[in-house]
Amino acid sequence: MQQVFNKPAALKDVQTHFCPGCHHGTIHRLVAEALDEFELQEKSIGVASVGCSVFLYHYFDIDVIEAPHGRAPAVATGVKRARPESIVFTYQGDGDLAAIGTAEIIHAANRGEDITVIFVNNTTYGMTGGQMAPTTLPGQKTSTSPYGRRPEKDGFPIRVTEMLAGLDGVAFAARTAVDSPKHLMDAKRQIKKAFQYQVEGKGFSFVEVLSACPTNWGMNAVAANERVGSEMCEYFKLGVFKDTSSH
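Residues in the sequence shown are numbered from 0 upward in steps of one, following numbering that gives the first Met the number 0.
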């Protein structure tokens with residue numbers, strides 16, 4: 000019998016510990032499939048920062064470096080410059096990349112560092128108790144905004160992909176989601192393209208993935224998944240915001 004579906008070689012054969020309905024496992028698979036398709040497992044180095052993203056080392060069968068909170072782009076910069084033959088990528092959440100790591104991601108992108116960044120946006124600090132993040136939506140209740148985010152007091156959610164797409168050093172920037180088969184297939188294409196850019200030495204590539212966090216949202220898995228497709232995709236529009244290969 001022909002086998003048509005299998006675990007990517009770049010992933011370890013371990014049981015997931017993520018909460019039911021969390022999209023990290025799905026996104027891990029998409030990243031691992033891209034590494035497999037380009038035969039990059041032996042030359043890839045992942046950089047994980049603080050948050051649920053830190054468990055990259057537990058699931059990926061590649062070399063992984065843990066970075067201080069928000070500093071993954073800086074660590075990845077050093078790794079890539081020291082080992083330019085390697086494929087270097089960061090895997091970061093919104094509480095990490097868009098808050099304490101804002102300066103790191105902006106300047107790495109602006110320098111055009113030849114790395115790939117996978118940005119998982121679930122609008123909350125997932126690991127540390129569900130606090131309001133820079134991407135928390137207006138009206139969204141969190142442990143530090145129990146009455147909902149108020150833009151007039153707390154500011155507006157940051158659209159990171161659009162912000163980075165405006166920088167000259169960025170070669171590719173896209174926002175995707177994994178709440179439906181259609182969005183999942185698009186996410187696969189964009190993540191693959193981001194790694195292809197690095198394989199071809201084209202510069203900084205960035206993919207944002209809208210993701211669910213049922214536990215901190217206080218929802219079941221089905222409701223959280225539906226929220227991604229309705230509420231999140233409405234505020235954070237999906238699409239490719241910069242692609243220098245089309246220029």
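Glycine residues also receive a C-beta, built at the ideal position from the N, C-alpha and C atoms.
Open item on the list: Going by DSSP in three states, ALA207 sits in which element: helix, strand or coil?
Closed with: First, the residue type needs correcting, since residue 207 is Glu and not Ala in the sequence shown. Three-state DSSP puts GLU207 in a strand.
TODO: Find out if the Cβ-Cβ distance for the pair ASP95, ALA132 is shorter than 7 Å.
DONE: no
Task: Those residues which DSSP pairs with SER85 across a bridge - done: Note: SER85 sits in no beta bridge, so no partner.
- [ ] Please classify ASN215: does DSSP put it in a helix, a strand, or coil?
- [x] helix
Task: Uninterrupted alpha helix (DSSP H) stretches inside the segment 23-58 (no shorter than 4 residues) - done: 23-36, 55-58
Task: Simplified DSSP state of LYS11, which is helix, strand or coil - done: coil
Open item on the list: Check for me: the beta strand (DSSP E) holding GLU65 runs from which residue to which?
Closed with: 62-65
Open item on the list: For PHE205 and ARG70, I'd like the C-alpha separation in whole angstroms.
Closed with: 16 Å
Open item on the list: Per the DSSP calculation, VAL119 is bridged to which residue(s)?
Closed with: GLY92, VAL208
Task: Under the three-state DSSP convention, the category ARG110 falls into - done: coil
Task: Three-pair Cβ contact test at 8 Å for the segment 170-183 versus the segment 221-239 - done: yes
TODO: Name the one or two DSSP bridge partners that ALA172 has.
DONE: PHE205, LYS241
Open item on the list: Checking 7 Å against the spacing of the C-beta atoms, do GLU32 and ALA47 come in under that value?
Closed with: no
Open item on the list: Suppose you measure from the CA of LYS201 to the CA of ILE44; what does that come to, to the nearest Å?
Closed with: 18 Å
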